[in-house]
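A short write-up of the structure that comes next.
In the working numbering, the protein residues as written are 9 to 259.
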C-alpha cells in the first residue's frame with residue numbers, strides 16, 4: 009500500500025527525517041511513536057504530500073507520490089492534523105460533507121449526500137447530526153473530524169494524535185471506532201500516539217522514531233525495555249494481563 013525508500017526530509021537545512029525505509033499494508037493500524045521532536049508529524053505530512061522531500065521515494069499503491077495530483081491524493085489519502093477547525097455554525101452533517109469536496113465541482117450530488125449518510129451510520133452519530141459543531145463535546149467533535157476524513161472515501165487514513173486531548177473513556181471509544189472502520193472499509197490507518205499502552209492495546213504494527221531515525225518497525229512481540237529506554241530514555245517493566253501487554257514506568 010505504501011512503500012518508503014531511503015527518505016530524507018529537510019526543514020531550513022536541518023535534516024528532520026534521516027534515510028527512512030519502511031512498508032505499510034492495508035487493513036492494519038500502525039502506531040507511530042517517539043519523543044517530541046522525533047519527526048513523527050513531519051513523517052505524516054510527507055506521506056500525504058504536504059511536506060516535500062529531498063531524497064528517497066514514496067510509493068502509494070505502486071505510484072510515486074510526486075506523480076499524484078492534489079485531487080488524486082485527496083481521493084486516496086485523508087490527513088487529520090493535531091488541530092483542525094471547522095466552521096462553527098456548520099452542522100455535523102455539513103461538516104462531514106466537506107470531506108466530499110474532492111469528488112464534486114460546484115455542488116454536491118445525491119451520491120455525495122448518500123456517502124455522508126453512510127458515514128453517519130458507520131460512526132453511529134445520528135443523535136447529534138443536526139447540531140452545530142460548536143455545541144459538541146471533545147469526543148463528539150473528534151468523531152465528526154474522522155467522519156469528514158472518511159467522507160473522502162480514502163484508502164489510507166493518516167491521524168496525528170487523534171485522541172491526545174480526550175479522557176480515557178473517549179480515547180478507547182475512538183480507538184475501537186478506528187478498529188471497526190479498518191475491519192469494514194479494509195483501509196490502512198497510520199496514527200501518531202503518545203500513550204504507549206493505548207498503542208499496545210489497539211495497534212497491529214509499530215514504528216519507533218527518534219531524532220529522525222527509525223529505531224524499530226514491527227509488531228508488539230519484539231518491543232522490549234531496551235527499545236523503550238533507547239527511544240524515550242525511561243526505565244520500566246512489561247506486564248501481561250489477560251493476554252495484553254502493558255508497560256509500567258519505574259519510579
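Beta carbons: idealized from backbone N, C-alpha and C, even for Gly. Since the structure is predicted, the reported quantities are computational estimates derived from the model, not experimental observations.
Check	Outcome
Enumerate, from N- to C-terminal direction, the unbroken alpha helix (DSSP H) stretches of 4 or more residues contained entirely within the segment 149-237.	176-193 and 204-210
Taking a contact to mean a Cβ-Cβ separation below 9 Å, would you say residue 245 touches residue 256 in this structure?	yes
Could you work out which residue in 136, 116 and 17 is closest to residue 60 when comparing CA atoms only?	17
Roughly how many angstroms separate the alpha carbons of residue 243 and residue 32, rounded to a whole number?	29 Å
By the DSSP assignment, the beta strand (DSSP E) with residue 101 in it spans what residues?	Careful: residue 101 lies outside any beta strand (DSSP E), inside the alpha helix (DSSP H) at 100-105.
Relative to the C-alpha of residue 258, which residue among 251, 249 and 237 is closest?	237
Which residue's Cα is closest to the Cα of residue 72: 86, 54 and 87?	54
Confirm, please, whether the CB-CB distance from residue 231 to residue 214 is below 9 Å.	yes
Using the C-alpha atoms, what's the distance from residue 154 back to residue 128?	10 Å
Would you mind sorting residue 151 into buried or exposed? The rule is 16 or more other CB atoms within 10 Å of its CB.	buried
In its own chain, which residues sit with a C-beta less than 7 Å from the C-beta of residue 209, not counting the 5 before and 5 after it?	252
Kindly confirm or deny that the segment 159-167 and the segment 189-196 touch, where touching means at least three C-beta pairs closer than 8 Å.	yes
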